[in-house]
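In terms of the numbering used here, the sequence shown has 33 at position 40, counting the first letter as 1, and numbering is strictly consecutive.
For every residue, glycine included, the Cβ atom is placed at its ideal position computed from N, Cα and C.
Since we're looking at a predicted model, the values are computed, not measured.
Report on one structure; see the data block that follows.
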Amino acid sequence: MTAFYNATAELGVADKVTAFTASDFGRTLTSNGDGSDHGWGSHHFVVGGAVRGASFYGAPPPISVGNGSGSEDQWHVGQGRLLPSTAVDQYAATLARWFGVANTELAGVLPHIGNFGGSAYPIDLGFMG
């Protein structure tokens, strides 16, 4: 990724090129005896000259296996599976807005984006300049 970014900077297009990972695939925090099972959520990265970097966007859930009755266990659905707190749709909407998609057209690009909004679950996560 460093070489890719450096090449875009050398060409003078770093502010116009963004690399982005997205997946809803994750792993559980507990073992099934042969490793870990499929889970939800994962970490992603965004690289480019227009990215507001050096920050963590989203809210990670508390890390535990969810075997207790504490408030942190609201993020667990059993077997070490964590519920993600930020959707791939929100990341995609942030990029779509940077590409020039109007707010009124986001639902046509991201059919589930209507499930988000407000300060708790913003549509635009703010990582693009």
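For residue i: DSSP bridge partner residues
| i | result |
| --- | --- |
| phenylalanine 92 | Answer by DSSP bridge pairing: none, since phenylalanine 92 is not bridged. |
| methionine -6 | For methionine -6, which the question treats as bridged, DSSP gives no partner whatsoever. |
| threonine 11 | Gly41 |
| tyrosine 114 | Gly110 |
Proximal residues to residue i (C-beta, below 6 Å), its chain only, five neighbours per side dropped
| i | result |
| --- | --- |
| alanine 12 | Val40 |
| phenylalanine 38 | Thr14 |
For residue i, the three-state DSSP class (helix, strand or coil)
| i | result |
| --- | --- |
| threonine 79 | coil |
Test: residue i CB closer than 9 Å to a CB of chain B
| i | result |
| --- | --- |
| phenylalanine 13 | Judged by its chain identifiers, the structure shown contains no chain B, having just a single protein chain. |
Enclosing alpha helix (DSSP H) for residue i [first to last residue]
| i | result |
| --- | --- |
| alanine 47 | From DSSP, alanine 47 is part of no alpha helix (DSSP H); its letter is neither H nor E. |
| leucine 99 | 99 to 102 |
8 Å Cβ shell around residue i - same chain, five flanking residues per side excluded
| i | result |
| --- | --- |
| asparagine 96 | Arg90 and Ile116 |
| arginine 45 | Gly119, Phe120, Met121 and Gly122 |
Endpoints, beta strand (DSSP E) assigned at residue i
| i | result |
| --- | --- |
| arginine 123 | The chain is shown only over -6 to 122; residue 123 falls outside these bounds and no answer can be derived. |
| serine 29 | 29 to 33 |
Close beta carbons around residue i, own chain, < 7 Å, minus the five adjacent residues each side
| i | result |
| --- | --- |
| glycine 107 | Ala100 |
| valine 94 | Val102 |
Per-residue burial, residue i [other beta carbons within 10 Å of its own, 16 or more giving buried]
| i | result |
| --- | --- |
| aspartate 27 | exposed |
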